[in-house]
Every structure is written in C-alpha cells, then in structure tokens.
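Positions -19 to 124 (my numbering) are the ones given, in order, by the sequence shown.
Here a beta-carbon is modelled for each residue, glycine too, at the ideal position from N, C-alpha and C.
As the structure is a prediction and not an experimental result, all values here were calculated from the model.
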Amino acid sequence: MSNPSGNNVHTFAESLVGRILKIEEKEKIIEEQDKYKRLYDINVHDNKLRPGSWARICIANLLSLRVRYGKPLKVVEEQSPGTYLLEVVHGKQLVIHHDLLKRIIIDEKYAIPLPEKRLIRIPRQNRDYIESQLPGFGGERIVT
C-alpha cells in the first residue's frame, strides 16, 4: 500500500484516523446544534403584539405579595421593532419596550371601558391652604 506523503504506513494510518475522528466530531457538533435548534423552535413564543391586542405592564420592585403585572392596556401601534405604543387612559398613550409587556387575550365583549375621572371643585378659600400645606403628587385629579 503506497501513501502519498512518503512516510511509513503507521504514521499515515495514524493521521488518517485523526482526520476521521475530527470529521466525526464535527458531525456530532452539527447534530447537537440541530437538536438544540429543534428544542428552541418548539419552546419559543411569539412576542409580537399587533394593534388592537391587549398587554399588561410588568411592575418593578416586586414584594412577596404584590401583583406582578398591571391592568390590561390596549396596543395602539408598534413604533419601532420591540417598542409599542399603549393606550393608558382615553387619549393618553405610553411607549413601552416589549421586555416589560405580557401579552394577554381579552374578549372584546368583556372589556370594560375605564371610567372618566370627575372634577373636584374646591372653594377658593380652601385652595390656598391645600396648595401650601398639602403635598402634591403626580397623577392627581384636576382641581378647579
């Protein structure tokens, strides 16, 4: 048996065995990659939200008994890939990244519209006291 490299038969056989082992290792790696790809494809979820669908916003700073997600909000549009515009209250909108959203399915016949906040009328003599003595928090009702 002649070998192309001119070495003795034993070194040629060893190099041939080494090349065969490398080829088998590469094939095994490809098989493992295919297996993991199949498992990933089975377990992957579609995180795409469409306009008109519903989602909940993840609430940060979880305590043991606190709710993880807020109330359902309607998706208005997708602004950039992964960023969505949600309708918070009638006319008010909020831009949120998809990492903070959880898609939910709501039947439209069970959707309850949010109630409008009513105006609180405070007499003039009390308004000065309220503005100077009481703390102001964001998102309060409109005081006239």
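Alpha-carbon to alpha-carbon, residue j and residue i
i	j	result
L(-4)	I10	21 Å
I37	D108	37 Å
K82	A35	5 Å
L43	E4	52 Å
E12	E88	45 Å
L80	L114	34 Å
M(-19)	K17	The predicted position of M(-19) is uncertain, since its pLDDT is 49 and thus under 50; a value taken from the coordinates is nonetheless stated next. Their Cα atoms are separated by approximately 44 Å.
L99	V47	29 Å
I0	D14	21 Å
I102	I22	60 Å
A40	Y49	9 Å
K8	L45	48 Å
H(-10)	G(-2)	12 Å
T63	K6	40 Å
Y20	H78	20 Å
E(-6)	K2	12 Å
E111	R104	11 Å
Closest Cα partner of residue i within the set the options
i	options	result
I76	D21, D14, L29 and N23	L29
L53	S112, L65 and S60	L65
P61	N(-12), I39, N27 and G71	N27
I85	I39, K51 and N(-12)	K51
G71	N106, E96, E111 and R104	E96
S33	Y20, L19, E57 and V24	E57
Presumed contact (8 Å Cβ cut-off) between residue i and residue j, rounded CB distance
i	j	result
P31	V69	Contact doesn't hold; Cβ gap of about 18 Å is too wide.
E67	Q59	13 Å between Cβ atoms; not a contact.
Span of the alpha helix (DSSP H) around residue i
i	result
V(-3)	V(-11) to N23
I84	Here I84 belongs to no alpha helix (DSSP H); instead the beta strand (DSSP E) covers L81 to I84.
The ligand NAD heavy atom lying under 7 Å from the CB of residue i
i	result
K6	Among the components of this structure there are no ligands whatsoever, and the ligand NAD is therefore not found.
Beta strand (DSSP E) segment containing residue i, residue limits
i	result
I37	W34 to I37
I110	It is not in any beta strand (DSSP E) - I110 instead sits in the alpha helix (DSSP H) that spans R104 to Q113.
V69	T63 to V69
E96	Unbroken run through E96: none, as it is neither H nor E.
I100	Premise fails: I100 is in no beta strand (DSSP E) and is neither H nor E.
K72	K72 to H77
V55	L53 to S60
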